[in-house]
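Chemist:
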Amino acid sequence: MKNALTSLGLVLAFSTAVHAADKEAVIDNYANIALAGYQDSLVQATALKGAIDALVSAPGDATLLAARAAWVEARVPYQQTEAFRFGNPSVDAWEGKVNAWPLDEGLIDYVDPLLGGNDENPFSLANIVANPAIEISGAQLDAAQITPALLQQLHEFDGIEANVATGYHAIEFLLWGQDLNGTDAGAGARPATDFDTANCTGGNCGRRAQYLVAAADLLISDLEDAVALWVDGGQARADLAEGDGLVMAFTGMGSLSYGEQAGERMKLGLLLHDPEEEHDCFSDNTHNSHYYDGLGIRNVYTGRYVRIDGSVVEGPSLYDYVAQRDAALADALLSDMNMTMMALGAIKSTAEAGTAYDQMLAAGNDAGNALIQAGIDGLVAQTRNIERAVKVVGLEGVSVEGSDSLDNESEVFK
Amino acid sequence: MTRLILCLIAALAAAPAVAQVKDEYNEELGLPYWAPGRGQVDHDALRRRSLVVLETQYSAFSQATADLTDAAVAYCDQGAPRAAVEQAFRDTWLSWAPLDSYQFGPVELNGAALAVNFWPDKKNFVGRALRDLLAQPENAQRDPAVIAAGSAAAQGLPAIELLLYTDAPECPAIIGISGFLNDMAGTVYHDWFDDGGWADLARAAGPDNPVYLSPQEFTKTLYTALDFGLIRVADQRLGRPLGTYERSFPTRAEGWRSGLTAEIIDAQLAGIAVMIRDGFAGDIREPDRAWVLRLIEQTRARIDKIGMPIPEAVKDPQTRIRVEAVRSKVDQIRHALAEDVGPGLGVDTGFSPADGD
């Protein structure tokens, strides 16, 4: 009898490890991972702000390198949250404030005259750091004080997406400067004296420092908004309850895997062989951005996120939910994601060993091109099984909004 | 690339192959008809018909690129009239337009969508890539292999357009680029339709297929592609130049330099109609099929009625509403697909390249 009780205990212990995949519990765990990810991003952004304050109060190589290191660390949790973007309308509406890309960085600060202009964007060389007033469509925009409010006003100005004035990539540009090495070794090499009002290089060092501090402040307040979306009672949780939380989760995973990461962020750059088309083009941190995007997708699927302090948020997962309906598919998708992580890991390890992502995508670098292509192939393959998983859990796909507001032929074409 | 697909096919060799011989079936347009929602859609028949549609379109594009290459050589090397190159260029773009919807399989694996038509070009990649190309010696510019090794932005139709419709020296670079396009068109055609190509992969749909686990999955891929094509038209081909009421962007229109903007959209819509009429055919129930085709006809009529180039029309509040009206009609087509066609076929849209931002 005693033995029987013991084995019953073992069975119970085992069955709690294989999470019961109740739909609400799966969605709740999904939201908890999102909350933890944005909280971690906020912690890291606050640390970044501290490092930036130290840089502008005592500009030097040590403080600049410390600020750059803080930026790289800040990206680790943030990139893992990107899996929450496309499926969740509140997050998608918010996201552009912090991770808009690609950018015409000449809007912000000085650039190489041959690298940074854009015929599509009249503000691609506006250089806010150098210009306390900017003429826009005949009107003057007062930029005498560079504040978070001014940056918000400039962001995606005039309906042009490349006018990125805020977020991680604006800060990245200010910390590193343009990478003028093309597809050769080396990242942006902005000198610390660009922030040194006593010994200023690049001109307008006080305004540049002002911009950097304002952008860091804004990043913090924007991430506070993201955390607020995911706490109990937050809008993102309300969206999940209102829509189909599982379809949102899968939509986020599939959209990031395929259209965004495999397509826009990886295939495009590979076909262009253009170092401007890498996600973190100033810092040469693209290998990490891609890796942690991939990991974020896997986190969502497996219902498990390792936080920046090493603690773990985990619970009933999408994997469990699919496995109860089609075990082979659940494992095939997990295997796909593991393959993707191996491929993205190869890009990361190669970059960390000294061959940066922009060198890998160079024309004629067959080995590097192949590494990137393997990452793309992995993401495309996992998208196929994400589609199948969506079908297995019996979900509806995207709905299309019709419009007949303009359907009165006689009015429109008179 | 063919080798990769052959490997995929080889993986199937052990499985009982459901060999399809093209001549086994008759024209199936319109018949037989089964009511939707009863699982009686004949996905094998739909695939057979759709592959005929695709083969016709890919073949036309391949022929057009060959003609364009000949015209470029005649113009640059033999002093033939420029109008012939411009005509061949237009024909090539309009033959590509229907294929823009089908960005999967060999097109995806060869990166053909971006190589053939690098658009939208948000950061002047085409201009910069052409600057690099024109800095090379003339014998390099005319070599398709040199074009192939370089940036995708200088490999396709927007690059030729920039050369033909600006002051840039078009010769001999247009020979190299059109030669590359002809090579790419041939590669994509062969990867699709040669023995062991993507079409065979679709024909061998089944549990052991590396891509299509059932015939229905190929239907889903085609259905998603049509929806993607409509998104491309609504959000990008029309939406980008439209911008907002306060701020339109005429030079964001595709083909604004050559004046092909509206014709490209029309050709893409026509291609979608052909797939629905001849490919999906009788596997969409008749009232739904007729309704979607009618909506497409109405949309094309609205394009005609804009009465001026789209880049011009978007600038003026009086005329931009006509472009907006085309866009709303395209949204209506999407709506009809989602409401009637997809459920009738028993499929839903999957992920597409439009899902990013």
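Just so you know, the sequences run in chain order W and R. So for the first sequence, the working numbering puts the first residue at 5; every next one is plus one. So for the second sequence, the working numbering puts the first residue at 384; every next one is plus one. We put the beta carbon where it would ideally sit given N, CA and C, even for glycine. Because the structure is a prediction, the values reported are computed rather than measured.
#1: Answer yes or no: does any C-beta atom of chain W fall closer than 8 Å to that of residue 627/R?
#2: Among 541/R, 607/R and 577/R, which residue has its Cα nearest to the Cα of residue 726/R?
#3: Jot down the residue ranges of each uninterrupted alpha helix (DSSP H) in the stretch 627-712 of chain R, minimum 4 residues, whole runs only, in chain order.
#4: Quick check on residue 461/R: buried or exposed, where buried means 16 or more other Cβ atoms within 10 Å of its Cβ?
#5: Since I believe residue 207/W is in contact with residue 134/W (beta carbons under 8 Å), could you give me their beta-carbon distance rounded to a whole number of angstroms?
#6: Helix, strand or coil for residue 146/W? Go by DSSP, reduced to three states.
#7: Please classify residue 594/R: does DSSP put it in a helix, a strand, or coil?
#8: Would a C-beta distance cut-off of 8 Å place residue 46/W and residue 299/W closer than the cut-off?
#9: Can you find a CB in chain R that lies within less than 8 Å of the CB of residue 277/W?
#10: Would residue 434/R pass as a contact of residue 582/R if the rule is Cβ separation under 8 Å?
#11: Do you know offhand how far residue 578/R's Cα is from residue 117/W's?
#12: Would residue 198/W and residue 209/W be called neighbours here (beta carbons separated by less than 8 Å)?
#13: Residue 520/R CB to nearest chain A CB: under 8 Å?
#14: Return the Cβ separation of residue 641/R and residue 544/R in integer angstroms, given the expectation that the two are a contact with Cβ distance under 8 Å.
#15: Does the beta-carbon of residue 316/W have 16 or more other beta-carbons within 10 angstroms, so that it is buried, or is it exposed?
#16: Using a beta-carbon distance cut-off of less than 8 Å, what residues from the stretch 445-475 of chain R approach chain W?
#17: Per DSSP, residue 318/W is paired with what?
#18: When the Cα atoms are used, what is the spatial distance from residue 506/R to residue 669/R?
#19: Note down the Cα distance separating residue 566/R from residue 573/R, rounded to an integer number of angstroms.
#20: Taking the beta strand (DSSP E) that residue 139/W falls in, what are its first and last residues?
#21: Would you check whether the ligand COA has a heavy atom nearer than 7 Å to the C-beta of residue 518/R?
#22: CA-CA distance, residue 605/R and residue 309/W?
#23: Measure the Cβ-Cβ separation of residue 497/R and residue 272/W and say whether it is below 8 Å.
#24: Return the residues of the stretch 244-264 of chain W that lie within a Cβ-Cβ distance of less than 9 Å from chain R, sorted by chain order.
#25: Take residue 509/R and list the residues in its own chain whose beta-carbon comes closer than 8 Å to its own, dropping the five residues that flank it on each side.
#26: Would you identify the three-state DSSP class for residue 611/R, choosing helix, strand or coil?
#27: How about residue 724/R: is its C-beta nearer than 8 Å to some C-beta of chain W?
#28: How would you label residue 2/W, buried or exposed, when you count the other beta carbons within 10 angstroms and need 16 or more for buried?
#29: If you check the beta carbons only, do residue 648/R and residue 612/R fall under 8 Å apart?
#30: What does the alpha-carbon distance come out to for the pair residue 224/W and residue 351/W?
#31: Could you give the distance in angstroms between the alpha-carbon of residue 621/R and the alpha-carbon of residue 688/R?
#32: For the alpha helix (DSSP H) containing residue 737/R, list its first residue and its last residue.
Modeler: Reading from the atomic positions:
#1: Under the Cβ distance rule, residue 627/R counts among the residues neighbouring chain W, one pair being separated by less than 8 Å.
#2: 607/R
#3: The DSSP assignment places 644-657, 669-688 and 693-696 as complete runs of the alpha helix (DSSP H) inside the stretch 627-712 of chain R, in order along the chain (cut-off: 4 residues).
#4: Of the residues assessed, residue 461/R falls on the exposed side of the cut-off, its CB having fewer than 16 other CB atoms within 10 angstroms.
#5: 6 Å
#6: strand
#7: In the three-state scheme derived from DSSP, where H, G and I count as helix and E and B as strand, residue 594/R is classed as coil.
#8: Residue 299/W sits away from residue 46/W, with the two beta carbons spaced by 8 Å or more.
#9: yes
#10: yes
#11: Residue 578/R and residue 117/W have their alpha carbons spaced roughly 52 Å apart.
#12: Yes; because the gap between Cβ atoms is below 8 Å, this pair is in contact.
#13: Looking at the structure shown, chain A is missing, and the protein chains on hand are W and R.
#14: 5 Å
#15: exposed
#16: For the stretch 445-475 of chain R, the set of positions with a beta-carbon nearer than 8 Å to some beta-carbon of chain W is empty.
#17: 308/W
#18: 45 Å
#19: 11 Å
#20: Counting along the chain, the beta strand (DSSP E) containing residue 139/W begins and ends at 137-140.
#21: With respect to the ligand COA, the structure offers nothing, as it holds no ligand at all.
#22: Their backbone Cα atoms lie some 36 Å apart in a straight line.
#23: yes
#24: 255, 258, 259, 260, 261, 262, 263 and 264
#25: 501, 536, 537, 541, 542 and 545
#26: helix
#27: Among the CB atoms of chain W, none fall inside 8 Å of the CB of residue 724/R.
#28: It is not possible to answer for residue 2/W, since the shown part of chain W is limited to 5 through 418.
#29: no
#30: 30 Å
#31: 15 Å
#32: Residue 737/R -> no alpha helix (DSSP H), and no H or E assigned at all.
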